[in-house]
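As structure tokens, the structure follows; a few thoughts come after it.
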Amino acid sequence: MSYSKAKVEEILNNTISRRSFLKGLAASGVLSALPGGVLEANEDLNTKIPYSGEKSYQTFRNACPRNCYDTCSIKTYVKDGVMQFIEGAQESTYTRGGCCVKGNSYVKRVYSARRLKYPMMQVGGKGSGTWKRISWDQAIDIIAKKLLDMKKEDGTLLGAALTKYSGNFGITHYGIEGMFNSIGYTTRLAGTPCWPAGIDAQNLDMGDMWCNDPEEMKESKFIILWGVNPAANSVHSMKYIYEAKSKGAKVVVIDPIFTETASKASQYLQIKTGTDGLLALGMAKIIIDAKLHDQKWLDAHSKGYKEYKAYLDKEVKLDDVSKVTGIPLAMIKELALSFAKAKPATVWMGYGMQRHTNGGSMIRAIDALVAVSGNIGKYAGGARYGHLNTWGFNYAALSQAKPEGSVGYTGPEGAKGEFAQVGGEKAAYTDRFLNINKTARELLSAKEPKIRLLWVACKNVFAQDFDRNQLIRAFQQLDLVVVADQFFNETAKWADIVLPVTTQFEEYDVNVSYWHYWLSIN
Amino acid sequence: MQNHLLPRSERLETLKRLRDFFNAHTSQTLKEAYDAFSLEHSIDEDELEILFNRYFVGPMEPIADPFASVYIDDPQSVMTQSTLHVRSLYETMGFFYPLKNIVPEDHIGVELDAYYQLIYLEEVKNVAYLSELRYYFFHEHIAVWMPQLIERAMHGRSEGDNAIHFILNELKSFLIRETTTTRSHE
Chain L
0 MSYSKAKVEE ILNNTISRRS FLKGLAASGV LSALPGGVLE ANEDLNTKIP YSGEKSYQTF
60 RNACPRNCYD TCSIKTYVKD GVMQFIEGAQ ESTYTRGGCC VKGNSYVKRV YSARRLKYPM
120 MQVGGKGSGT WKRISWDQAI DIIAKKLLDM KKEDGTLLGA ALTKYSGNFG ITHYGIEGMF
180 NSIGYTTRLA GTPCWPAGID AQNLDMGDMW CNDPEEMKES KFIILWGVNP AANSVHSMKY
240 IYEAKSKGAK VVVIDPIFTE TASKASQYLQ IKTGTDGLLA LGMAKIIIDA KLHDQKWLDA
300 HSKGYKEYKA YLDKEVKLDD VSKVTGIPLA MIKELALSFA KAKPATVWMG YGMQRHTNGG
360 SMIRAIDALV AVSGNIGKYA GGARYGHLNT WGFNYAALSQ AKPEGSVGYT GPEGAKGEFA
420 QVGGEKAAYT DRFLNINKTA RELLSAKEPK IRLLWVACKN VFAQDFDRNQ LIRAFQQLDL
480 VVVADQFFNE TAKWADIVLP VTTQFEEYDV NVSYWHYWLS IN
Chain A
0 MQNHLLPRSE RLETLKRLRD FFNAHTSQTL KEAYDAFSLE HSIDEDELEI LFNRYFVGPM
60 EPIADPFASV YIDDPQSVMT QSTLHVRSLY ETMGFFYPLK NIVPEDHIGV ELDAYYQLIY
120 LEEVKNVAYL SELRYYFFHE HIAVWMPQLI ERAMHGRSEG DNAIHFILNE LKSFLIRETT
180 TTRSHE
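These protein sequences, in sequence, are chains L and A.
So for the first sequence, numbering that gives the first Met the number 0 puts the first residue at 0; every next one is plus one.
So for the second sequence, numbering that gives the first Met the number 0 puts the first residue at 0; every next one is plus one.
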């Protein structure tokens, strides 16, 4: 037998030929003769001439859910039911039509052959690599049975722990906290390895943590990018920095590393790591000594200025500032005076410095510098760090009361992270909070009851938490580890059950940012 | 050329067994599909599924992805141009695919199912209407990528993986027999 490739492709690609072929197919009795299997006979065979022109795209609205300043609004283009490409939404003046390289590669992520496809169970033990498929119902039954057994044996559900972080910031991804809340008092790995010292610092200084709109930066006359590298990790903010610079603003980068952003700046100051606070104090002293500080604003809005100035007078020696920071004194003076003279002026602080010893104090010193210069609460000014109130969702499932009769933790309440928001009145019990920054040690040492079930969501514990060997021991002593993820990773390797989860292109969601003021419906 | 083929019923039965094996998604159905080959090598139900998953499912990176797109278009992706081409072929053949947008149409089990039904149509029902499309499907698509899957799986084989090795050999033999039967006249 032989066949004509050209003839078959004519049938497939020419609408008239295809129509004739399908009509013949319907008349030939093929459909009733097919035995059926995975594929079935199409009883509604469409023998009309299909549209032969270029098909238009369906468009969908999405948002990038990553832990990123930019939280892009996305427009997704679909043809033949398959994502073709995405672009930044033009309607968001912040995203303004462009995504970053990670964003632009999302099509490859959605259709990656490497995605988790089914719920699976590691039957040979954690790390054995022996996996069997289970149905969603089986997975739910196994997990629910473990929870019920724990409750029966321990009298509480505190043996069930949730560790979740920033893999997806969409509102629907807070559903896992809601699920844990809905079953009773449980244990949470709480806190944040990211930016807590700075959060505390800004709350102490301002009473809350709000951040000037980054879109205002285009009107700033002086921008200090202090330990932040937006050319790499907030690319959409760069256009405002460029615009300000093109209008004559000075852009100064202070960083121990000569970054991509430094290469775009008017001036770069290479500071010794961990000395940022002292530089800020020195600059404030120079500004005050030159009487360029905003006394009117300080009188109206500040507390403790007198003590602050006395501290600067007594403790801060400019020669020491130069020596310790590694920046020539003349350069520090020029920076301080030009910053004070420019109005509005702003400082954007990155998250690196507050991870060092005295990190919170360093953020406070920079807050104070910006306050002394009179740029707090001013359009295009501000001591920018980020904000919590725009995005820390606390919806009904999260704040609802525990089931009646639930028994929980009665010890001192542990630290809460920005994701552990539990509202409402003071209860007799609380959830038990373990320090997320000591995950391995906390899992191993928790007692009465010990942790027996761990649910991992939006997080790759083995990539993000330290002490791998201790983590392995901690995971091995758990009765049941459930990892929900899009991909198999180092943490999934040590799971009992993996559950595949959707990407943002396969779900409804709402996303907002800890930096800009746009909200995206996904 | 016809003499290269297995007797009709055996050809269909082999194809059906291969189809059922690659479409199985429980230990039990997989074992049933495996046992249908009546191979000398026996294997425990759970052990077989674990092995099968390591080769073709995951959750770790499988030894040989079961999708044509990975071999034809992009080693990392599903739902590529070749997948849509197969979708178009199925639609032209009069198939309805209930798992559309759930499991890509170019999954090895789905393609073997399509091929089985097309052979069934010809051999059991004596309907030749789709023969030319069937030849095309085999020579221009199946024969392009399934040998690559077999090669990749054989290359990644470890000691003790005999059950999968036997099945891959069955598939390989089947493909060789089918390949020698038809040629494009272009």
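The beta-carbon is built from N, C-alpha and C at its ideal position, and this holds for glycine as well.
Computed from a predicted structure; not experimentally measured.
Can you tell which of the options has its C-alpha closest to the C-alpha of residue i?
i	options	result
residue 211/L	133/L, 344/L and 497/L	344/L
residue 450/L	218/L, 160/L and 247/L	160/L
residue 168/L	68/L, 334/L and 293/L	68/L
residue 49/L	25/L, 13/L and 56/L	13/L
residue 273/L	138/L, 362/L and 309/L	362/L
residue 84/A	98/A, 12/A, 59/A and 103/A	103/A
residue 91/A	71/A, 136/A and 150/A	136/A
residue 542/L	75/L, 142/L and 224/L	In the structure as shown, chain L begins at 0 and stops at 521. Residue 542/L is therefore absent and cannot be evaluated.
residue 509/L	369/L, 63/L and 330/L	63/L
residue 87/A	10/L, 484/L, 259/L and 351/L	10/L
residue 520/L	26/L, 33/L, 60/L and 473/L	60/L
residue 43/A	113/A, 29/A and 9/A	29/A
residue 240/L	261/L, 256/L and 431/L	261/L
residue 116/L	518/L, 18/L and 502/L	502/L
residue 404/L	44/L, 387/L and 427/L	427/L
residue 24/A	304/L, 402/L, 20/L and 133/L	133/L
residue 6/L	95/A, 130/A and 56/A	130/A
residue 409/L	119/L, 150/L and 186/L	186/L
Taking only three categories from DSSP, how would you classify residue i?
i	result
residue 332/L	helix
residue 185/L	coil
residue 108/A	helix
residue 22/A	helix
residue 325/L	coil
residue 209/L	coil
residue 249/L	strand
residue 422/L	Because the pLDDT of residue 422/L is 49, which lies under 50, any placement of that residue in the model is unreliable, and the question is left without a value.
residue 180/L	helix
residue 416/L	Here the model assigns residue 416/L a pLDDT of 49, short of 50, so the residue's position is not dependable and the matter cannot be decided.
residue 485/L	coil
residue 163/A	helix
residue 490/L	coil
residue 146/L	helix
residue 149/A	helix
residue 320/L	helix
Check this for me: beta carbons of residue i and residue j, under 8 Å apart or not?
i	j	result
residue 152/A	residue 62/A	yes
residue 433/L	residue 177/L	no
residue 155/L	residue 184/L	yes
residue 191/L	residue 435/L	yes
residue 165/A	residue 38/A	yes
residue 93/A	residue 41/L	yes
residue 97/A	residue 39/L	yes
residue 171/A	residue 149/A	yes
residue 73/L	residue 99/L	no
residue 76/A	residue 56/L	no
residue 270/L	residue 324/L	yes
residue 95/L	residue 102/L	no
residue 4/L	residue 139/A	yes
residue 442/L	residue 142/L	no
residue 339/L	residue 291/L	yes
residue 141/A	residue 169/A	no
residue 275/L	residue 226/L	yes
residue 112/L	residue 66/A	yes
residue 578/L	residue 278/L	One cannot answer for residue 578/L here, as it falls past the ends of chain L, which runs 0 to 521.
residue 386/L	residue 93/L	no
residue 287/L	residue 371/L	yes
Which partner residues does residue i have in the DSSP bridge list?
i	result
residue 103/A	The partner list for residue 103/A (beta bridge, DSSP) is empty, contrary to what the question assumes.
residue 480/L	453/L
residue 429/L	408/L
residue 389/L	Answer by DSSP bridge pairing: none, since residue 389/L is not bridged.
residue 463/L	Looking at the DSSP assignment, residue 463/L forms no beta bridge with any residue, so it has no partner.
residue 76/A	111/L
residue 60/L	74/L
Taking 7 Å as the line, does the beta carbon of residue i fall inside it for any heavy atom of the ligand COA?
i	result
residue 56/L	The ligand COA is absent from the structure shown, which contains no ligand whatsoever.
Cβ of residue i less than 8 Å from any chain C Cβ?
i	result
residue 60/A	Of the chains in the structure shown, none is chain C; the protein chains are L and A.
- Query: Residue ranges of each alpha helix (DSSP H) run of no fewer than 4 residues wholly in the segment 14-45 of chain L, ordered along the chain?
  - Reply: 14-27 and 29-32
- May I have a chain-ordered list of the alpha helix (DSSP H) segments no shorter than 4 residues that lie completely inside the segment 244-315 of chain L? 259-263, 275-288, 294-300 and 304-314
- What are the uninterrupted segments assigned as beta strand (DSSP E) that are 3 or more residues long and contained completely in the segment 69-111 of chain L, given in chain order? 72-78 and 81-87
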